[in-house]
Structures are given as C-alpha cells and as structure tokens.
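Protein chains in written order, with my numbering: chain A, 1 to 479; chain B, 1001 to 1211.
Report on the structure given below.
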Amino acid sequence: MVNAMSRKKLANALSLYLDDALSAAEKSEIEAYLAAHPEAQKELDELRLIKTHLMQKPRLMHNDWFWTSLSRKLVQKNSPGGQSGQERENFFPFRRKLLPLAAPLSLTLAVMIGVGIFLQRDSLFRFYSEKKKQIQNAYSAGILQGKILPLFTNLNKDQVLRFALFGTLPLDTEAKTALRFDASSDSGYRIEIAKNNANSVPTVTASEFYSALNMTPNQHQIVDSILGSAKEKIQSSVFVGENSSLAIHSELVNLNRMVMSNIAATLQPRQRVRFKKYLEERHAPFTFVANVAPSVPPQKLFRAINATPVNDTYLVLTPDTICFSEIPFNMDSIRKNFEQALSSLTAIQVRTHAIVRRFRERSFTPPSGGERFDVRSGEDYFAVELHKNLGDFPDMPMLFKVVPRLPQGMTASDSLVMRFFRAPLPPGGTPFKGTAQMPQRADRSLKNSERRGIDLDSVIENMSKPKPEEKKYRNPYEL
Amino acid sequence: MNDSTKTPRQMISAASVHNEASRYARDGERKNDEVLITLFQSGDEDAFRILVERYQERVRNLIYSILNRSDVVDDLAQEIFIRVYEALPKFRFESSFYTWLYRVAVNKVRDEMRRKKVKRFFSLQKLMDDADAELTAKMSVAPEDHSMAEIMNDALNALPEKFRMPVVLKDVDGLSYDEIAEVLECGIGTVKSRLSRGRAMLRKRLKPLLV
C-alpha cells in the first residue's frame, strides 16, 4: 500500500514526472502511487493536458521587416548624437537610475508640507477667514453701490395700516422721517419726504384698529389680506439706488386710497361709522364717502392692489435730477441681491438725505414745456407736486371714495391734507418748477451755509432687521 | 582594439578565426553561436544579422508569451537585440549565447512590466493600451486558435510573474531546468518549485475546462 503524499510533495512530484526529470526509482515510486490513487492520476492527466496546450500555443507570425527596422535603429544609435531607446523613453525629469530615490524623497516632501500646514493651521485659517470677509465686504459694497435695492423690505402690518390711513411710510424706526403720498391735493399728486413729524402721525396698531371697529374674525382675515397685498406693492414700488437716488413707482401715490376704500368695503354700515369716527379722532387727513356713481366691486379693487403694475413709470429723484423714467425692474433679481446683501452685512448704508439736502440748496431756472411739477422744500421737508394725471394708473371708481377730510367751514385749499403735510403754497408762487418729461440738471452752485438734511441713517436699522415670515395672501373675497 | 595596436600574433589569430567563420558561411553550414559571436567581435557585422535572424522569432514569442501583448513585441525585441549588440563585444562565453540572450530578454520584459505599472498608475493610457493589445493579438494569431489561445493566455497572465516565467520558459519554449535557472538567475530547486506551483495554479484556474 503506497502512503498518501502531502499536496505540495505530490504537486512537485507530478511536475517533475511530467518533465521526465525523476530518477528511475522515483519514477517507479510515483507510478505506483498513481496506480493506487486515481485522483492523483487525474491530476497528472490534467497537468499533461495543460502542458500540451502550452506547447501548442499559437506563435506570432514571422516579421520579415524585423532586421530592417532593427538595423535602422542600430545605425541611428551609432550615428553622432543618437540616443538609446531607454533614454528616449525616460519621461521623468531626472535620470532613470535616480527613480528609486525619487519616491522616498517625494514622500518625505509631502509629509513635511503636511506637517507644515498642520502647524500653521491657525494662521492659515485666520488668513482665509479674513480673505473671505474682505471678499464679502467688497461684494456687498458692490451690490449696494452699483445696484438698486428696495427701500421698504421690513414693513409690518401696523406700518402698512398707517400708510393706508395717513398716507405715510416710515423711513426710520422712530417714524421721525416719513415718505408721504397724497393724490388728492388741488395741484395734483404730491410726494413728500419730511422729518420731525412724529407727533403728526398718531400711533396706530392693527389690533387696536380691529377692536375699535369691532371686527369679526373673518373681517380680520380680509383686512389682513388687504394689508399684506399693500405691503408687497409698497415693497416693489420704492427703491434706492446708486448715488443716493430714489425711485418711486407712480402707482404708489394712489395705493393708500385704494387700501382705505377696500377696508371700508369690508365693513358693515355700523362699522363704517366707527371707522369714520376713528379717522376723525386721529386727525387723519383722509376720510371716505359712499360713491353714488357706478363703482367697481371690492373684489376687483383687491385684485387691482395685487395686480402687476400696468406701467414701469417711476419718479426718480437724484441729488441733481428729478425725472420720470421707465424702469423695467426685475423684482426677483432685486430681492435676491438684497437678501444676499442682508445675509452678509450687519448694517446697510443708505443715505437718501443727500437728495433732500441737494434740493434744498439749489437754485432754480424755470424750464419750458412739458408737464409741470413743483418742488417745495423747507427746513425739514421737501415735496414734489405733480401737475398731471399719471395716465396709466387705473383710476377706478371705488365703492367708497377716499377724499380729504374737510371739517365744517374749511375749503379744499386749506384742507387738513394741506395742514397735515405742512406744505402751504407760498404766496409768491412755487419755489421750483420743472417738467415731468425732461430730467432737470441741478445748478451746482451749492450754498455752504446750511447742510442740515433729513437724517435717514436709521433706515439702516429698519432694513437690516430680520425679515418676518412670508405670508401668502389670497383674495379674501374668493373664500 | 585597432589593427595598429594588435600584435602580429593577435592579428594572425583574428584573421584565422575570421577565415574559418567565413568558410562556414560560404559553405552555407549552420555556424554555431560562438563562431558568429567571435566573428562579430572581430568586426563582422553580418554575423550579428545571422544571430538576430536565428533568434528573433524565439525572442518575439517569448515576449508575447510573457506579456500577452503583440503590439509591444517588436519594439521590445529590437531593444533586446540592441542591448545584445552593445553587450556582445564583452561576451565571455561563460554561458551559452542562447541562455544569455534569454536572460537579457527576460530582464527587459521585467523592466517593461514595471514601467507599465508605473505608467498606468499615473495615466489613463491603460484603456487605450488594452484595446490596442486585444485587437493586435487577435490579428496576429491564426483565427481558429482564438478561443483556446485566449483561454491559455488569460490563465498565464493571471499567474504572478515569478511563477509565469518558469512555466513559459519550460512549457512554451522548452528550456531545461538548468537553462531556466541560468536565465532567471536562481537555483534549480527554486525553478522546480515555482514551476510546480505555477502549473498547480494554472490547473486550478483551468479545471472547469479540463474535461
């Protein structure tokens, strides 16, 4: 009986047997083993088959041009300046024999650089943080200096209500400076920037307004929606731009009347009486009367507040110019830029007071032709009165017409509106007149005496406040 | 050594060798490698041509068997013969030219394998190389042998280089253990062991086909 061999010994023995490399004794021994172990015999057969296949491995076809190309290379190599094939193939920037040294050297260098970076990580972090901050500042400065931003981005419901009732928009947090609109003056539309009027506009809040008028929850919801839509309209109607320019959409002058009328239409008769009384008690410059003529339903008025403006006409005020201009603002782009600026800035420098100061200080040369407008200015205000109907503005007949509040015995020219705005017509005429079509260049002979302008720096705080959560307003009449 | 620096005896000796070699050539007999090398060493460039033509196919097939790539075969074979051409004047007949040539060839192929590893690590040349190699390989062998040839080539390629070399030298080129040991510059025991292991690996890989 032949003893079993280990796998390794058997494999070696079979390999040698296959090559006929065993001695006669070893050969007979392995043959006996094969006879006793069919699996070993099978393994031998398989090895033999593999060997046969390898021996019959297809050969390459003869290359008749081998010597020709070889001799050409040999001639090339033996010629002066010839290179060996190995040298030509060397794609490293050093001799190939130095290749074994290059790997450890590269590794050492990489480790040294890594350690260096690790040790200097604080300095590097500081460097890149400062760099990032500088870039952010430059970026933000670029946005603010070179682009147009909405002036009112953070109005709350109370401020919008105040705008509806009194036609004023706060330019600072303490409401000391305000932007005012009036479409009811005798001479036309009026836009005014005035300061030190904190006492002239009473503090009104929406909740107090609702309770004073004893509104139902449904009415709350409707008035909220109206105020929300007005807020969005205001946001997309007033812009500050490069060189302290101010652009005010022409439709804004009529917005407060539309909002007030729409609120009145929401109320019951008894509530309307309370509303009128409310306005009277707070010395609001406007009130409302029922329109006897055919009028638009409140739903249509609400849709008009929400509607996209039918024109892009803006009144543009710069320190040197007043003009009407068609400006197709891309609101999405403006909002995006503004949000980017807000996210990277703690304060935004908007200095619209330069406009006021310049207008106060300049002298005037009357132009000729075109629609007239007057510019009035005083110590703490300046106003633009437009002697024209802005044309494209939808002057729709409202169910409740908003009119200047006229106490008994008072004429329109001496109305509350006029007193409210504190801009009485001077007896000798208007101090400044221009045309609505042609931009007017200012006379640059500035007076150095007074440079007290309206301080709008606190607008910064107003604009940099976190934006309240967006609320989607729907047409309450479609509920 | 210039003729002017040779002694008369040396000149006579070299001339006699040359004459003898030339006589073999004229007679059309197959001169042995040593004679041709001697002729080459004595300045007969034609002797080298005979050596090249004698061994070029073996060298080409050796390269092909090891690398399984026909696209690099001719370039490598020519580089091998260039190296031989450069080293042959110093050949001292301590081993047969045949095994010496094989040793040069195997070393060159090893260099090529290492170079390819580095190159493929740093570049995306691999995909192109593989596609070219596959196409050229299929065009260079007889069509009917494709399937079995491909199987054997794949199996051989899968072997580690140290086991692949002895298998190729023994089973494909038919070298003896001594010759393989000389070519691979290792002991005979190592050759036997590696050959045995290489064959076992091949058998394991090809077992499903061996019926």
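No residue lacks a Cβ here, since even glycine has one placed at the ideal position from N, Cα and C.
Strand pairing of residue i, partner residues [DSSP]
i	result
Y1177/B	Its beta-bridge partners do not exist; DSSP assigns none.
A230/A	Per DSSP, none; premise fails for A230/A.
R180/A	T168/A, E192/A
T313/A	E326/A
Under the three-state DSSP convention, the category residue i falls into
i	result
K1192/B	helix
E192/A	strand
T1038/B	helix
A247/A	strand
E1094/B	coil
K42/A	helix
K132/A	helix
V238/A	strand
F152/A	coil
P297/A	coil
T287/A	strand
K401/A	strand
L161/A	helix
T266/A	helix
A1200/B	helix
R451/A	Because the pLDDT of R451/A is 32, which lies under 50, any placement of that residue in the model is unreliable, and the question is left without a value.
N1157/B	helix
M55/A	helix
D1027/B	Note that D1027/B has pLDDT 45, beneath the 50 cutoff, so the model's placement of it is unreliable and no number is given.
D19/A	coil
S1065/B	helix
N214/A	coil
E29/A	helix
L99/A	helix
D122/A	helix
P1166/B	helix
F275/A	helix
N256/A	helix
A307/A	coil
V204/A	coil
7 Å Cβ cut-off: residues of chain A touching residue i
i	result
E1057/B	H62
Y1064/B	L60
Q1078/B	S69, L70, K73
M1152/B	H53, L54, K57
S1147/B	Under the 7 Å cutoff, chain A gives no residues; its nearest Cβ is about 11 Å from S1147/B.
D1044/B	What D1044/B touches in chain A: nothing, since even the nearest Cβ is about 14 Å away.
N1061/B	R59, L60
R1049/B	W67
D1171/B	K51, L54, M55
Cβ-Cβ separation, residue j to residue i (assumed contact under 8 Å), whole Å
i	j	result
L1202/B	I50/A	5 Å
F209/A	N262/A	At roughly 14 Å, the Cβ-Cβ gap does not stay under 8 Å, so F209/A and N262/A are not in contact.
I305/A	V238/A	Actually they are not in contact, since the Cβ atoms of I305/A and V238/A sit about 16 Å apart, beyond 8 Å.
Y128/A	L386/A	At roughly 53 Å, the Cβ-Cβ gap does not stay under 8 Å, so Y128/A and L386/A are not in contact.
L34/A	L47/A	Not confirmed; about 12 Å, so no contact.
L315/A	V384/A	7 Å
L255/A	A230/A	6 Å
V1106/B	L1184/B	7 Å
L399/A	N311/A	Contact flag wrong, Cβ pair sits at about 25 Å.
Partners in chain A for residue i, counting only beta-carbon separations shorter than 8 Å
i	result
Y1177/B	D19, A21
L1039/B	Those within 8 Å of L1039/B in chain A number zero; the least Cβ separation is about 17 Å.
Y1102/B	Result: empty, since nearest Cβ-Cβ is about 16 Å, beyond 8 Å.
K1192/B	N12, S15, L16, A21
D1074/B	N63, F66, S69
S1070/B	L60
Under 8 Å by beta carbon: chain B residues contacting residue i
i	result
A11/A	S1196, R1197, R1199, A1200
Amino acids of chain B, ordered along the chain, whose beta-carbon sits closer than 7 Å to that of residue i
i	result
L49/A	L1210
F94/A	Residues of chain B passing the Cβ test: none, with the nearest at roughly 14 Å.
Closer than 9 Å at the beta carbon, the chain B residues around residue i
i	result
E498/A	In the structure as shown, chain A begins at 1 and stops at 479. Residue 498/A is therefore absent and cannot be evaluated.
K519/A	This structure leaves residue 519/A out entirely; chain A is present only between 1 and 479.
Interface residues of chain A facing residue i [CB-CB closer than 9 Å]
i	result
D1033/B	Within chain A, no residue comes near D1033/B; the closest Cβ sits about 17 Å away, beyond 9 Å.
E993/B	Lying before the first or after the last residue shown, residue 993/B is absent from chain B, which here runs from 1001 to 1211.
V1109/B	The contacting residues do not exist; V1109/B stays about 14 Å from chain A at best.
Any non-hydrogen atom of the ligand NAD closer than 7 Å to residue i Cβ
i	result
A103/A	Looking for the ligand NAD in the displayed structure turns up nothing, as the structure carries no ligands at all.
Minimum Cβ-Cβ distance from residue i to chain E less than 8 Å
i	result
A1087/B	In the structure shown, chain E cannot be found, because the protein chains are A and B.
Cβ contact (3+ pairs, closer than 8 Å) linking the segment 1070-1090 of chain B and the segment 1100-1118 of chain B: Yes: the two stretches touch, three or more of their Cβ pairs being nearer than 8 Å.
Segment contact, 8 Å Cβ cut-off, at least three pairs: the segment 1054-1062 of chain B with the segment 52-69 of chain A: At 8 Å Cβ cutoff, the stretches touch.
Under 8 Å, with one C-beta from each stretch per pair, do the segment 1145-1156 of chain B and the segment 1186-1196 of chain B reach the 3-pair mark? Taking 8 Å as the limit for Cβ pairs, the verdict is that the segment 1186-1196 of chain B does not touch the segment 1145-1156 of chain B.
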